[in-house]
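Worksheet: one structure, shown below.
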Ligand code: HEM
Ligand code: HEM
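Residue numbers (the working numbering), protein chains in the order written: chain F, 1 to 342; chain D, 1 to 342.
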């Protein structure tokens, strides 16, 4: 990239000599921004230049890393004015050993078996089991929104667990209410402010960083349509439709569609009311088009995964629905690893 | 296929002898059903065995074909109890010449330039221009829902135009109303009952049939979300939102999403009220899962184009949203041809 002509040259020379060069802090920061800009699934890429990067490659001990994760959440949360931020810890060692954060995101809600039923977020059933078997004690009174501890697997595969403090400067949550439906707030729903992904590998300049965490702010639909609405997640549409007085015996009266809109409306309303930044899916789509124009103006193509970019509700109202994207994956980038699943 | 062991064998032998075998009427019918079953974009494939096939390969004259298209619409419409039907006309000649229907669908609404604005369905602007330059006279008082003539290009590229009769047994239309909004019906919206695609090539057993027409019934979202809702089609969401009293200055209050639901509701309601078959997107998704199970039970994989199968509204409420499909295209099949665009 133009900004760092040295970097690519140094890499090429190093590769020819079978060496791995060390990135400067500035180079690492730039690589992280490129990794974001390259991600074909992310609709929030307009802001890639604004990513703040914490170079914490010197941190290798689980308890030090946990302290740094708390700092990450505090800086990212910013009392609601959420900032895009990445923290990068110790990289993969030469012998292939590595330390990793097991949680998919830093803030995750537990899931408990309750006879045949589940209490909490079904996505985190395995993570909850692992937390408990690692020594974590669930709260005495279990709820649908208990925050799981951070689990870190060290270089020797030992699991360390750390509880997040109950401090809204660190773990900010928004209780959900609806401007027109008083009963909504009595459903006792909530969601956390910062989506901080902690289980993807940053692959930059020939090196892998399995221990890193990055966050932006939420799109409303991620919380409402997917986390709270999906049948295999909190599955709240039937109860919301019932409270709205919609008959649910036939899908043809669009009860799912109507409950979906109100749930989305509640999330947007509640985050606004609590001064917590999140973007609606229409604005996110527009911002993505601005990103595309800017990239084109700089002579770059924008790759994309249509199935992830198009919002999960009102798809065809998004301008992205009517475009198509090449799914080319480039590096630097963020990648899944099979061993990252708990 | 098991049902016609002869067919494949005959084809193989014929191919070895550089001959093109003629399909029997039964074989042609079976090939058409397979072409439907193979289509990766069609959510309605559960019903593939029920396709009725009219073998009209002997028809080569434009006026005979037009008469047959009228019959097709009458049989398909079936007074509202719409039947999946395909009519197959003369095939591509050995010298590469062919006859084709120019219209994308048999029933299409005209589009007129009105200063800077457009009246009608913008998708059919070029088709309308072509119809007029071929000698068609638009009605004296132009409306947003004027039915275009059928344009047939003969083997010598001459264009013939034929007006469809104003007979609801042939061109059935449904005026749109909304059970809760009296103003809705005063928008004077309507849509036709039968989606009869007439510009795709049936490719079966080594032969191409550019002149054919097939139809199922509509999914509600095709009419409401796409045809009436798309910004580059009738673009009705702003006017519906305005009538609903929703402020449209910010997308964040979900006015597009709300107007979208009511438009879909109106389409489902009006078709039901007029006894015209159409399926809602939730039931269509469920039926597609049934199709998938049945195919698996018979040892076949189901290919699919996720971006077309997942409905254009409330995407993540469809079980198809949470699955993935291989996009393998197989023959017999229906294909686009570059020359099919007017
Ligand atoms: C600034 C606000 C941001 C918004 C609104 C945003 C939005 C989104 C959304 C909606 C998704 C799809 C998530 C899903 O459906 O599960 C996504 C995926 C993704 N985003 Fe962003 N994002 C933002 C910031 C960031 C940042 C700061 C990074 C990294 C530095 C990032 C990297 C990614 C990656 C790697 C994925 C794919 C995750 C996967 O494959 O599972 N995003 N983003
Ligand atoms: C029986 C009810 C049927 C339903 C509910 C149905 C539904 C659909 C829908 C929703 C689409 C996507 C259309 C779009 O977004 O533009 C589609 C595409 C398609 N369907 Fe069906 N369909 C039915 C019957 C049929 C029949 C009878 C055939 C052929 C024999 C067929 C062949 C196709 C083909 C070829 C496409 C792709 C069109 C293209 O690529 O532009 N369908 N169908």
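Glycine is no exception: its CB is placed at the ideal position from the N, C-alpha and C atoms.
Measuring only the C-alpha atoms, how far is residue 50(D) from residue 255(D)? By one-based count along the second chain, residue 50(D) stands at place 50. By one-based count along the second chain, residue 255(D) stands at place 255. Roughly 40 angstroms separates the two Cα atoms.
Using 8 angstroms as the limit for Cβ to Cβ distance, is residue 283(F) near chain D? Numbered from its first residue, the first chain carries residue 283(F) at position 283. Yes, contact with chain D.
Got a sec? Which residues, its chain only, sit under 8 angstroms from residue 317(D) by beta carbon, not counting five neighbours each side? Here residue 317(D) corresponds to residue number 317 of the second chain, with the count starting at 1. Same-chain partners within the cutoff: 282.
Please classify residue 162(F): does DSSP put it in a helix, a strand, or coil? Walking along the first chain from the start, residue 162(F) turns up at place 162. Reduced to three states, the DSSP call for residue 162(F) is strand.
Element boundaries [alpha helix (DSSP H), containing residue 105(D)]: Position 105 of the second chain holds residue 105(D). No alpha helix (DSSP H) holds residue 105(D); DSSP gives it neither H nor E.
Alpha carbon to alpha carbon, how far is residue 195(D) from residue 144(F)? Give it in angstroms, no decimals. Here residue 144(F) is taken as the residue at index 144 of the first chain, counted from 1. Here residue 195(D) is taken as the residue at index 195 of the second chain, counted from 1. Computed Cα separation, rounded: 47 angstroms.
Start-to-end residues for the beta strand (DSSP E) that takes in residue 192(D): To locate residue 192(D), count along the second chain from 1; it is residue 192. From DSSP, the beta strand (DSSP E) with residue 192(D) extends over 190-192.
Count the other CB atoms within 10 Å of the CB of residue 284(D); is the residue buried (16 or more) or exposed (fewer)? Taking the second chain and counting its residues from 1, one reaches residue 284(D) at position 284. Counting other Cβ atoms within 10 Å of its Cβ, residue 284(D) reaches 16 or more and is therefore classed as buried.
Bridge partner(s) assigned by DSSP for residue 387(D): Nothing in the structure corresponds to residue 387(D), since chain D is present only between 1 and 342.
8 angstroms is my cut-off, CB to CB: does residue 313(F) come that close to chain D? On the first chain, residue 313(F) is found 313 positions in, with the first residue counted as 1. Interface residue, yes.
Of the residues that make up the segment 218-240 of chain D, which ones have a beta carbon closer than 9 angstroms to any beta carbon in chain F? Listed by position along the chain: 220, 221, 225, 226, 229, 230, 231, 232 and 237.
For the beta strand (DSSP E) that residue 335(D) lies in, which residues bound it at each end? Against the second chain, residue 335(D) aligns to sequence position 335. Bounds of the beta strand (DSSP E) holding residue 335(D) are 333-335.
For residue 327(F), name the three-state secondary structure that DSSP assigns. Along the first chain, read from residue 1 onward, the residue named residue 327(F) stands at position 327. Coil.
Compile a chain-ordered list of the residues in the segment 66-95 of chain D whose CB is closer than 8 angstroms to at least one CB of chain F. So nothing in the stretch comes that close.
Measure the alpha-carbon distance for residue 208(D) versus residue 43(D) and round it to whole angstroms. In the second chain, residue 208(D) corresponds to position 208, counting from 1. In the second chain, residue 43(D) corresponds to position 43, counting from 1. If you take the alpha carbons of residue 208(D) and residue 43(D), they lie about 24 angstroms apart.
Using the beta-carbon count (16 or more within 10 Å), is residue 63(F) buried or exposed? Numbered from its first residue, the first chain carries residue 63(F) at position 63. Label assigned to residue 63(F): exposed.
Taking all protein chains shown into account, decide if residue 336(D) is buried (16 or more other Cβ within 10 angstroms of its Cβ) or exposed. Here residue 336(D) is taken as the residue at index 336 of the second chain, counted from 1. A residue is called buried once 16 or more other Cβ atoms fall within 10 Å of its Cβ, and residue 336(D), having fewer, is exposed.
By how many angstroms is the C-alpha of residue 305(D) removed from the C-alpha of residue 309(F)? One-based indexing of the first chain puts residue 309(F) at position 309. One-based indexing of the second chain puts residue 305(D) at position 305. Rounded to whole angstroms, residue 309(F) to residue 305(D) spans 16 angstroms at the Cα level.
Could you compute how far the alpha carbon of residue 16(F) sits from the alpha carbon of residue 174(F)? Stepping through the first chain from its first residue, residue 16(F) is reached at position 16. Stepping through the first chain from its first residue, residue 174(F) is reached at position 174. In this model, residue 16(F) and residue 174(F) are separated by some 52 angstroms (Cα to Cα).
So does residue 306(D) have its beta carbon nearer than 7 angstroms to some heavy atom of ligand 2? The count along the second chain starts at 1 and reaches residue 306(D) at position 306. No, the Cβ of residue 306(D) stays beyond 7 angstroms of every heavy atom of ligand 2.
With DSSP collapsed to three states, give me the class of residue 70(D). Locating residue 70(D) in the second chain gives position 70, counting from the first residue. DSSP places residue 70(D) in helix when its eight states are reduced to three.
What residue range does the beta strand (DSSP E) around residue 55(D) cover? The residue labelled residue 55(D) in the question sits at position 55 within the second chain. That run of the beta strand (DSSP E) goes 52-55.
Near ligand 1: residue 88(F) beta-carbon under 7 angstroms from a heavy atom: Taking the first chain and counting its residues from 1, the one referred to as residue 88(F) is at position 88. Residue 88(F): no, Cβ never under 7 angstroms from ligand 1.
Under the rule that 16 or more other beta-carbon atoms within 10 Å means buried, what is residue 1(D), buried or exposed? Working through the second chain from its first residue, we reach residue 1(D) at position 1. At residue 1(D), the pLDDT of 48 sits below 50, so the modelled position is not reliable; the number obtained from the coordinates is stated separately. It is exposed - the Cβ of residue 1(D) has fewer than 16 other Cβ atoms within 10 Å.
Shorter than 8 angstroms from the beta carbon of residue 251(D) to some beta carbon of chain F? For the purposes of this step, residue 251(D) is taken as the residue at position 251 of the second chain. With 8 angstroms as the cut-off, residue 251(D) counts as an interface residue toward chain F.
Report buried or exposed for residue 165(F), applying the criterion of at least 16 other Cβ atoms within 10 angstroms of its Cβ. Start at 1 with the first residue of the first chain, and residue 165(F) comes out as number 165. Residue environment analysis places residue 165(F) among the exposed positions, since fewer than 16 neighbouring C-beta atoms fall within 10 angstroms of its C-beta.
Just tell me which of 152(D), 89(D) and 229(D) has its CA closest to the CA of residue 104(D). Numbered from 1 along the second chain, position 104 holds the residue referred to as residue 104(D). By alpha-carbon distance to residue 104(D), the top candidate from 152(D), 89(D) and 229(D) is 152(D).
Between residue 289(F) and the rest of its own chain, which residues show a CB-CB distance below 7 angstroms, the 5 nearest in sequence each way excluded? Locating residue 289(F) in the first chain gives position 289, where the first residue counts as 1. These residues qualify, in order along the chain: 319.
Heavy atom of ligand 2 within 7 angstroms of residue 222(D) beta-carbon: In the second chain, counting from the first residue as 1, residue 222(D) sits at position 222. Under cutoff, so the answer is yes.
Who are the near neighbours of residue 24(F) in its chain, counting only those whose CB is closer than 7 angstroms to its CB and skipping five residues on each side? For the purposes of this step, residue 24(F) is identified with residue 24 of the first chain, where counting begins at 1. For residue 24(F), where only same-chain residues beyond five positions count, there are no Cβ hits under 7 angstroms.
Proximity test, Cβ basis, 8 angstroms: residue 264(F) and chain D: Numbered from 1 along the first chain, position 264 holds the residue referred to as residue 264(F). Look at residue 264(F): its C-beta is under 8 angstroms from a C-beta on chain D.
Quick one: does the C-beta of residue 42(F) sit closer than 7 angstroms to a heavy atom of ligand 1? Against the first chain, residue 42(F) aligns to sequence position 42. Yes, the beta carbon of residue 42(F) sits closer than 7 angstroms to at least one heavy atom of ligand 1.
Among residues of its own chain, excluding the 5 on either side of residue 109(D), which ones have a beta-carbon nearer than 6 angstroms to its beta-carbon? Here the question's residue 109(D) lines up with position 109 in the second chain. Contacts found: 120, 121 and 145.
Say the cut is 7 angstroms; is the CB of residue 14(F) nearer than that to a heavy atom of ligand 2? On the first chain, position 14 is the one that residue 14(F) refers to. The answer is no for residue 14(F).
Under 7 angstroms between beta-carbons, which chain D residues line up against residue 258(F)? List them in chain order, please. Position 258 of the first chain, counted from the first residue, corresponds to residue 258(F). Residues of chain D passing the Cβ test: 261.
For residue 46(D), which residues in the same chain have their Cβ closer than 7 angstroms to its Cβ, ignoring the five residues on either side in sequence? Along the second chain, read from residue 1 onward, the residue named residue 46(D) stands at position 46. Contacts found: 287, 288, 290 and 291.
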